[in-house]
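Numbering (the UniProt record's numbering), first residue to last: 1 to 668.
Below: one structure, written as structure tokens.
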């Protein structure tokens, strides 16, 4: 076993590796850029070494900087995590030249499987079923269009060195191929330093199923079951689960055997993932192999009871696997969602800034439900523009899929995050979606179910009633506290709490009377419904907890004028609370009109202008590309929403803009 390891990564995965190393008694070294000087992984590690400026290309991707940190601290091995240098054969070779162990597969396996083009060639030669496509390097957009036409639309344009959804585009026509090729090539160059692109047939209505494998340096390889990662947005996984609701035992065995055979063919000796695109009929094709730890590895850990990071460390130290295939038992169901700093109501654009509030749900075992939250941030920390905007990975495990989903939904409600926008309302919406709950999945799920993007749904019916009841209970507690403030001016007649209240939630107006009971509160609505509440909340807490009609629930709560802002179950709504007289007066108030911003193109996120595609006086059609903004390593094309003429252009390529900065005006 190693005495000291260096983690060549940051954020959530660096913290995750440190936790296992601590348990094993292994000392850890963190590395950090200027932007991460005060990051959580730096604080957690035994030692920390500064490796350069904020941009990854000048710090986390600089092999020599990592090697120097190893020499300075005496680290015997390096765990690369995922992303950055994790699949660079040159990095593993450089470590070996310095007699430092790489906690990952051998260089030959990385070279054979880490490159998406070469891995497909290798898989075909090994007799593994692969998706039809072109594996030659593509010269330019015209060449890409010709190849795509030969394969037949739709096609997937992919970066050979890609990952995490970057450098990937789906094209359904020749015009989309040329634009998609240019964007994929640019993103690949920026994110991976490798702009090689290939094209393959895009399987319609596919599912993404992957097999986790682990091998040692003694020729022993086993698989640890599958994960389903079909819920994706722009080829970026959003929700993962294990096992897959698609597979039966026979398909699992066949897919696992094929993954193991491929791994053995390259003498694979670490944790890795063989990814397949699967049809709804359980047919499957090799997609790629990730020669590293996956972001979604926790769901496999929870259904197998194994620590993949520990296995990787032990294997890298030369220990043989202590497991045979028959020893692997899959128990229960696990679901993971990725909590991102992004605004789902604005096309999921990244959101940067300081986490003024960060209170995740409590971790641990609660009856048969396990809650795990892997994170790399702390309250008061900053989400920087330079890296992936992940805040945390929430994982739940329970005996059945429905129980794991129900527990996951409740845990999402228990998050409290302020200072930046986040995607928890969207994740909560997914958790309650009937199609997701039924397991009828495909990689097109989000595009199909949210064709106009995500907008906060207006609460109606039972959910609106629940939010109104919670708001009423909060208001009652706040008023009771006011009555108990010491030093109040004496009055002839004590002020009494008016028990009749009106609560406006969205477009619905509820009237009720509230009374105390021995256990909590009863809210008698004027339509005859009665809601019983046992509050477990103290004023000032960002998450309301309590029991509503016998069900334990949580809701994010923020004070606003005349009420509270509540987020619960995928709904995000203002609840305005009034006395009878206040409600009568509010109905007479004129509505405030919002300003028209349709005459400007605004920067939807803090980012860098990569290119302005139009000029002043130019006529443009609806859907035409106007500018390209880069943020969080992704390129975003801003398009015209209607036919117009470009007025003044304020921004230029290379300029950094704040959110809502004006890029250009429209003359008409």
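In this text, a Cβ means the ideal position worked out from N, Cα and C, and glycines have one as well.
Keep in mind the model is a prediction, meaning the values are calculated, not measured.
- According to the DSSP assignment, residue 394 belongs to the beta strand (DSSP E) that extends over 390 to 398.
- Cβ-Cβ separation between residue 200 and residue 155: approximately 7 Å, consistent with a contact (criterion under 8 Å).
- Taking 8 Å as the upper bound for CB-CB distance, residue 443 and residue 132 are not in contact here, some 17 Å apart.
- For residue 334, the pairing in a beta bridge is given by DSSP as 242 and 397.
- Sequence-distant partners of residue 107 (beyond 5 residues in either direction) whose C-beta falls short of 8 Å from its own C-beta, in its chain, are 89, 92, 93 and 96.
- One thing to note: residue 76 has its Cβ no nearer than 8 Å to the Cβ of residue 19.
- In the DSSP secondary-structure assignment, residue 530 is bridged to 524.
- Distances from the CA of residue 541 to each of 418, 580 and 491 were compared; the closest alpha carbon is that of 418.
- Excluding the 5 residues flanking it on each side, residue 404 has same chain C-beta neighbours closer than 7 Å at 333, 334, 335, 396, 397 and 398, in chain order.
- Close CB contacts of residue 500 within its chain, under the 6 Å cut and outside five residues either way in sequence, are with 513 and 580 (chain order).
- Annotation: residue 565 to residue 265 spans about 57 Å, alpha carbon to alpha carbon.
- Residue environment: residue 657 is assigned as buried (16 or more neighbouring CB atoms within 10 Å of its CB, all protein chains considered).
- Under the DSSP assignment, residue 41 falls in the alpha helix (DSSP H) whose first and last residues are 40 to 44.
- With contacts defined as CB atoms closer than 8 Å, residue 643 and residue 599 fail to qualify as a contacting pair.
- By the C-beta criterion, the region 217 to 233 is judged to be in contact with the region 242 to 262, since at least 3 inter-stretch pairs fall below 8 Å.
- For residue 195, same chain residues with a beta-carbon under 7 Å away, outside a window of 5 residues either side, are 185, 188 and 189 in chain order.
- Annotation: the continuous alpha helix (DSSP H) that includes residue 260 extends over 249 to 265.
- The C-beta separation of residue 420 from residue 412 comes to about 17 Å, leaving the pair out of contact by the 8 Å criterion.
- When C-beta atoms of the region 608 to 624 are compared with those of the region 639 to 653, three or more pairs fall below 8 Å, so the two segments count as touching.
- In this structure, the alpha-carbon of residue 519 lies about 12 Å from that of residue 548.
- Its Cα nearest to that of residue 410, the residue 545 stands out among 380, 115 and 545.
- Burial of residue 342 is indicated by the presence of at least 16 other C-beta atoms within 10 angstroms of its C-beta.
- Runs of beta strand (DSSP E) with 3 or more residues, each lying fully within the region 58 to 119, are found at 77 to 79, listed in chain order.
- For residue 123 against residue 286, the beta-carbon gap comes to about 5 Å, under 8 Å, which counts as contact.
- In this structure, the alpha-carbon of residue 146 lies about 31 Å from that of residue 653.
- Checking the DSSP bridge columns, you'll see residue 578 partnered with 502.
- For residue 32, the beta-bridge partners assigned by DSSP are 50.
- C-alpha of residue 522 to C-alpha of residue 485: approximately 25 Å in a straight line.
- The straight-line gap separating the alpha-carbon atoms of residue 215 and residue 222 is approximately 6 Å.
- In the three-state reduction of the DSSP assignment, residue 600 falls in the strand class.
- Within the model, the alpha-carbon separation for residue 556 versus residue 119 is close to 46 Å.
- In the DSSP assignment, residue 589 falls outside any beta strand (DSSP E) and carries neither an H nor an E.
- If you draw a straight line from the Cα of residue 435 to the Cα of residue 650, it is about 45 Å long.
- The beta carbons of residue 210 and residue 301 sit no closer together than 8 Å.
- Scanning 351, 647, 472 and 663 for the CA closest to the CA of residue 576 turns up 472.
- Straight through space, the alpha carbons of residue 141 and residue 182 are spaced by roughly 7 Å.
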